[in-house]
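Q: My questions will all concern the structure given below.
Number of protein chains: 2
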Amino acid sequence: MRKILIIGSGKSSSYLIKYLLSKSEKENLFIIIADKYIAKTKALLNNHSNSKALKLDVFDNVSRAKEILAADIVISMLPARFHLMVAKDCIKHSKNMLTASYISDEMLALNNKAIEKDIVIMNEIGLDPGIDHMSAMKVIDHIKEKNAKITLFESYTGGLIAPESDNNLWNYKFTWNPRNVVLAGQGGPAKFVQQGHNKYIPYNKLFKRNQKLEVKNYGSFEGYANRDSLKYREIYGLEDIKTLCRGTIRKVGFSESWDVFVQLGMTDDSYTIENSMDMTFRDFVDLFLPYSAKDKVELKLQKLLNISESEPIWSKLLEIDLFSSQKTITIDKATPAQILEFILCKSWTLDPNDKDMIVMTHKFIYELNNKKYQIDSNMVCIGEDQTYTAMAKTVGLPLAIATLAILNSKITVKGVQLPVNKAIYNPILKELIDYGIEFNEYEIPFQTQN
Amino acid sequence: MRKILIIGSGKSSSYLIKYLLSKSEKENLFIIIADKYIAKTKALLNNHSNSKALKLDVFDNVSRAKEILAADIVISMLPARFHLMVAKDCIKHSKNMLTASYISDEMLALNNKAIEKDIVIMNEIGLDPGIDHMSAMKVIDHIKEKNAKITLFESYTGGLIAPESDNNLWNYKFTWNPRNVVLAGQGGPAKFVQQGHNKYIPYNKLFKRNQKLEVKNYGSFEGYANRDSLKYREIYGLEDIKTLCRGTIRKVGFSESWDVFVQLGMTDDSYTIENSMDMTFRDFVDLFLPYSAKDKVELKLQKLLNISESEPIWSKLLEIDLFSSQKTITIDKATPAQILEFILCKSWTLDPNDKDMIVMTHKFIYELNNKKYQIDSNMVCIGEDQTYTAMAKTVGLPLAIATLAILNSKITVKGVQLPVNKAIYNPILKELIDYGIEFNEYEIPFQTQN
């Protein structure tokens with residue numbers, strides 16, 4: 001039997017495991033899920049004879065290396081900063097490896113060693129990064145084959161709440177790691193290129209400078225720029241492109257309201273608040289507002305950020321009980337970001353029957369024979385329940401499909417990779433359709449305002 | 451002869467050296483200034499027989515330790531992050547040491563070792579930190595001796611341009627390290643307490659939330675909160691104080707204009723700009739503005755930050771040629787902060803005859819027998835020329851006086867210290883008066899709005 005070792009198991013593992021188990025008889029696979037806590041994993045495995053949940057301290061170098069040595073291929077589902085230690089073991093023992101995370105500089109530096117050992121370390125093979133690269137490159141390669149010139153590529157992805165479960169004013173709930181949502185955008189400015197001009201948006205303007213997005217059949221959204229899009233000119237082979245921007249999707253109005261937290265300083269994770277335990281939500285807000293002998297907290301916030309009570313922003317803040325003098329924080333020595341997460345979790349946690357939704361939308365403009373053309377490409381995926389979420393499906397299936405393809409030598413690239421080559425993305429995108437993850441492409445009459 | 455080793459020599463060394471040389475005959479001192487570049491130091495020493503300029507690579511551990519071993523006392527004038535390596539040598543060789551920088555956590559951790567070796571590592575003994583602590587503690591101790599209760603302490607300091615040299619719209623020139631000015635405020639939120647309420651101001655609101663300050667005989671200024679004032683409750687022995695804030699002084703209108711750079715993201719030092727070499731100032735500004743097919747750079751900035759051409763902010767931006775399409779940046783792979791510094795240095799560099807000015811102002815409110823009292827305490831110091839600046843004087847003299855006092859066992863505290871005790875600050879403040887550094891204290895009729 002061929003042993004697939006999955007290190008770490010979180011919310012995104014359900015479909016990954018389901019897919020691999022479903023193939024395990026025919027493909028002769030044995031799935032080992034190694035983590036510190038394995039109760040939930042056991043439920044997912046449901047005593048399947050081709051599987052094992054293994055209690056493992058992933059920081060125990062000896063035990064981890066032993067399991068990696070015994071495996072035929074390794075998937076790291078750990079938080080991104082821990083992939084490197086797994087990758088070093090995989091290089092040592094010549095095992096192929098996959099992650100759904102962005103390639104770090106340290107990971108990239110392992111490229112030569114991986115090639116020497118004749119293995120692939122496949123990264124960014126989840127949803128975003130992952131399906132975004134693959135679905136974009138399919139269209140990009142197709143346009144390039146016509147000898148057309150691509151002048152614009154914009155791509156936005158979001159993990160949202162399904163329309164049928166969307167019942168709060170923010171049109172948002174935590175469908176994945178809340179901490180990542182609170183800290184989003186803090187890793188440096190958003191970088192992109194627009195009409196040939198490089199643009200850098202600092203964190204304090206990121207949520208203000210969002211743009212409207214229409215997703216055919218799914219209505220209006222908004223997107224804000226995400227991380228460093230400039231480097232994708234080279235990765236996508238679009239060195240001369242005039243406009244390239246990747247970003248995050250939210251429902252309309254979310255970003256300007258989220259910006260309130262940014263402007264107040266509530267998303268800061270770099271220091272702790274004195275006496276946070278038992279502090280009321282209201283007192284927490286007041287920490288970030290000027291002192292006044294007469295003005296209430298609400299009025300001070302309105303004045304500081306120039307918001308009026310009639311604005312949708314204000315209703316959103318009231319909905320999360322931000323000014324409550326009853327509700328208290330129950331974390332000691334918490335950072336502002338941890339406290340904000342605590343407050344938002346009281347309002348944005350999924351109800352038992354809530355479903356999540358993934359929305360991805362690409363826009364391409366290209367020139368052929370002095371004419372301009374536009375293609376829009378959209379993918380929407382709605383979760384089944386809170387185990388088999390759209391997030392778990394879109395992150396886990398590309399990983400699972402790629403794992404089997406590497407094991408079966410259908411994907412044969414070596415080194416530290418991401419899925420931008422036809423030989424990788426074609427079989428994966430094709431198989432994803434069988435699972436309902438499909439892009440709808442539309443030729444749009446070119447609009448000059450683009 | 452008693453050897454005083456000064457490691458590192460910069461703009462702030464002139465008065466330090468002048469003072470020690472002037473005392474060298476009578477006090478039997480020999481002054482050694484060790485640095486990588488010693489041309490300027492030699493000019494300051496002017497072949498004085500009780501001195502030597504020593505070419506030393508301060509990162510050469512062997513040579514540095516050798517010089518420290520041979521000295522009787524050590525002053526580190528290196529950038530703050532390098533004091534620790536000097537301190538470790540001083541502990542090893544049981545040498546007293548002084549710095550004018552804030553005590554880092556790592557420095558504080560050396561306290562027990564310093565006490566074991568019976569030495570003092572005296573920090574924060576320059577201007578700010580330094581004279582601010584000493585002059586404040588003098589008043590605080592005086593009020594406490596009356597058994598009065600201090601309810602408010604606010605303290606602001608600034609390195610400014612002297613009125614006679616103040617000829618630009620910003621009322622500001624670089625009188626000390628420009629890089630520190632550009633990066634000011636980025637080390638975390640400003641923390642302080644006001645009327646019993648802790649307050650945290652994030653960087654993006656720091657320059658907006660400034661307050662007006664009147665300095666008797668010197669007119670109107672403004673101040674913005676600086677670093678962590680909360681910890682000074684303990685350091686100053688004011689655990690129950692209702693209001694405590696330390697901050698930075700600028701001339702009126704500076705902060706709201708500086709905030710333009712903050713809002714645009716131009717003070718970011720964490721990443722480099724593509725193709726910064728030969729970029730025009732105008733193109734640099736445009737990096738931070740939304741793309742527009744029709745709007746000029748100026749109009750885009752006005753729209754983004756809601757500034758009109760009739761505002762003083764706008765005239766200030768024009769004065770520094772921020773929108774020039776002629777002037778270019780001549781630094782490759784520069785960070786936004788480095789480029790902003792480059793642009794500002796074109797406008798804010800001192801003319802040959804310009805003088806600098808230090809302004810420090812304290813405000814104290816205390817209660818005695820159910821009555822409230824207010825004391826204001828101000829110090830203004832104007833430089834002689836660009837060598838003997840007010841900054842060099844107010845940083846260097848406390849260091850120099852303390853050095854001699856420690857050498858002569860007039861100051862006998864041990865461990866990692868800052869100058870908040872009477873035994874330290876009294877002799878130093880007294881001697882500073884001989885050099886024209888004197889605080890004027892005013893009993894102000896208590897105003898209820900405080």
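Listed in order, the protein sequences are those of chains A and B.
Last residue of the first sequence? That's 450 in my numbering, and every number before it is there in order.
Last residue of the second sequence? That's 900 in my numbering, and every number before it is there in order.
Positions of the beta carbon are idealized from the N, C-alpha and C atoms, including for glycine.
Just so you know, these numbers come straight off a predicted model, no measurement behind them.
Are the beta-carbon atoms of residue 572 of chain B and residue 869 of chain B separated by less than 8 angstroms?
A: Yes, Cβ-Cβ distance for residue 572 of chain B and residue 869 of chain B is below 8 angstroms.
Q: How would you label residue 859 of chain B, buried or exposed, when you count the other beta carbons within 10 angstroms and need 16 or more for buried?
A: That one is exposed.
Q: Assign residue 378 of chain A to buried or exposed, taking buried as 16 or more other Cβ atoms, counted over all protein chains shown, within 10 Å of its Cβ.
A: Buried, by the Cβ-count rule.
Q: For the structure I just gave you, are there three or more beta carbon pairs, one from the stretch 807–824 of chain B and one from the stretch 575–586 of chain B, closer than 8 angstroms?
A: Yes: the two stretches touch, three or more of their Cβ pairs being nearer than 8 angstroms.
Q: Taking the alpha-carbon of residue 754 of chain B as reference, which of B:681, B:772, B:739 has the nearest alpha-carbon?
A: That would be B:739, whose Cα lies nearest to the Cα of residue 754 of chain B.
Q: Output needed for residue 543 of chain B: all residues of its chain with C-beta closer than 6 angstroms, excluding positions within five of it in sequence on either side, in chain order.
A: The answer, listed in chain order, is 518, 519.
Q: Got a sec: is the Cβ-Cβ distance from residue 144 of chain A to anything in chain B below 8 angstroms?
A: Not closer than 8 angstroms to any Cβ of chain B, the Cβ of residue 144 of chain A fails to qualify, so no.
Q: Verify the CB distance criterion: does residue 649 of chain B have a CB-CB separation below 8 angstroms to chain A?
A: So yes, residue 649 of chain B belongs to the interface.
Q: Please list the residues of the stretch 768–786 of chain B that have a C-beta atom closer than 7 angstroms to any C-beta atom in chain A, keeping them in chain order.
A: From the stretch 768–786 of chain B, no residue has a Cβ closer than 7 angstroms to chain A.
Q: So the beta strand (DSSP E) residue 74 of chain A belongs to, where does it begin and stop?
A: Run containing residue 74 of chain A: 73–76, per the beta strand (DSSP E) assignment.
Q: Of all the options A:169, A:125, A:329, A:353, which has the alpha carbon lying nearest to the alpha carbon of residue 411 of chain A?
A: For residue 411 of chain A, the nearest C-alpha among the options comes from A:125.
Q: Please list, in chain order, the chain B residues whose beta carbon lies closer than 9 angstroms to that of residue 270 of chain A.
A: Correct list: 638, 639.
Q: My parser needs the beta strand (DSSP E) runs of 3 or more residues fully inside the stretch 484–545 of chain B; what are they?
A: With a minimum length of 3 residues, the continuous beta strand (DSSP E) runs that stay inside the stretch 484–545 of chain B are 501–505, 523–526.
Q: Closer than 8 angstroms is the cut-off here; do at least three beta carbon pairs connect the stretch 324–341 of chain A with the stretch 276–285 of chain A?
A: Result yes; three or more Cβ-Cβ pairs closer than 8 angstroms.
Q: For residue 29 of chain A, collect the residues of the same chain with a Cβ closer than 7 angstroms to its Cβ; drop the 5 residues on either side in sequence, then sort them by chain order.
A: Within the same chain, residue 29 of chain A has close Cβ partners 1, 2, 4, 20, 23, 50.
Q: Assuming contact is defined by CB atoms lying nearer than 8 angstroms, are residue 485 of chain B and residue 466 of chain B in contact in what I supplied?
A: No.
Q: Report yes if the C-beta distance between residue 414 of chain A and residue 118 of chain A is below 8 angstroms; otherwise report no.
A: Yes; because the gap between Cβ atoms is below 8 angstroms, this pair is in contact.
Q: Taking only runs of the alpha helix (DSSP H) that begin and end inside the stretch 688–744 of chain B, which ones reach a length of at least 4 residues, in chain order?
A: Qualifying alpha helix (DSSP H) stretches, in chain order: 704–714, 731–736.
Q: Identify whether residue 452 of chain B lies in helix, strand or coil by the three-state DSSP scheme.
A: Of the three classes helix, strand and coil, the one that applies to residue 452 of chain B here is strand, per DSSP.
Q: Hey, how far is the Cα of residue 741 of chain B from the Cα of residue 773 of chain B?
A: Roughly 16 angstroms between the two C-alpha positions.
Q: Does residue 342 of chain A get closer than 8 angstroms to chain B when you measure Cβ to Cβ?
A: Not an interface residue.
Q: Could you name the residues of the same chain whose beta carbon sits closer than 7 angstroms to that of residue 87 of chain A, not counting the 5 residues immediately before and after it, in chain order?
A: The residues are 97, 107, 110, 121.
Q: Consult DSSP for residue 811 of chain B and reduce its assignment to one of helix, strand or coil.
A: Three-state DSSP puts residue 811 of chain B in a strand.
Q: Is there a Cβ from chain A that is less than 8 angstroms from the Cβ of residue 880 of chain B?
A: Not one chain A Cβ lies under 8 angstroms of residue 880 of chain B.
Q: Below 7 angstroms between beta carbons is the criterion; list the residues of the stretch 281–300 of chain A that meet it against any residue of chain B, in chain order.
A: Going along the stretch 281–300 of chain A in chain order, one finds 286, 287, 288, 290, 291 with a Cβ nearer than 7 angstroms to chain B.
Q: If you reduce the DSSP assignment to three classes, tell me which class residue 800 of chain B lands in.
A: Of the three classes helix, strand and coil, the one that applies to residue 800 of chain B here is coil, per DSSP.
Q: Give, in chain order, every residue of the stretch 673–691 of chain B whose Cβ lies closer than 8 angstroms to some Cβ of chain A.
A: Against chain A - using a Cβ distance shorter than 8 angstroms - the residues of the stretch 673–691 of chain B are 680.
Q: Please tell me whether residue 311 of chain A has its Cβ less than 8 angstroms away from any Cβ of chain B.
A: No, residue 311 of chain A lies away from the interface with chain B (no Cβ there is under 8 angstroms from its Cβ).
Q: Measure the CB-CB distance between residue 374 of chain A and residue 444 of chain A and report whether it falls below 8 angstroms.
A: Yes.
Q: List the residues of chain A whose Cβ lies closer than 8 angstroms to the Cβ of residue 724 of chain B, in chain order.
A: Per Cβ cutoff of 8 angstroms: 198, 230.
Q: Applying a beta-carbon distance threshold of less than 9 angstroms, which residues of chain B neighbour residue 265 of chain A?
A: Neighbours of residue 265 of chain A on chain B, chain order: 639, 650, 651, 652, 653, 654, 655.
Q: Whole alpha helix (DSSP H) runs in the stretch 544–599 of chain B with 4 or more residues, listed along the chain?
A: List check, alpha helix (DSSP H) in window: 555–558, 561–566, 581–595.
Q: Note down, in chain order, every chain B residue with its Cβ under 9 angstroms from the Cβ of residue 209 of chain A.
A: Under the 9 angstroms cutoff, chain B gives 740, 754.
Q: Can you pull the chain B residues whose beta carbon is under 8 angstroms from the beta carbon of residue 338 of chain A, in chain order?
A: Within 8 angstroms Cβ-Cβ: nothing; residue 338 of chain A doesn't reach chain B, min ~14 angstroms.
Q: Does residue 695 of chain B come within less than 8 angstroms of chain A when only Cβ atoms are used?
A: Not an interface residue.
Q: Identify the continuous alpha helix (DSSP H) that holds residue 396 of chain A and give its terminal residues.
A: That run of the alpha helix (DSSP H) goes 390–407.
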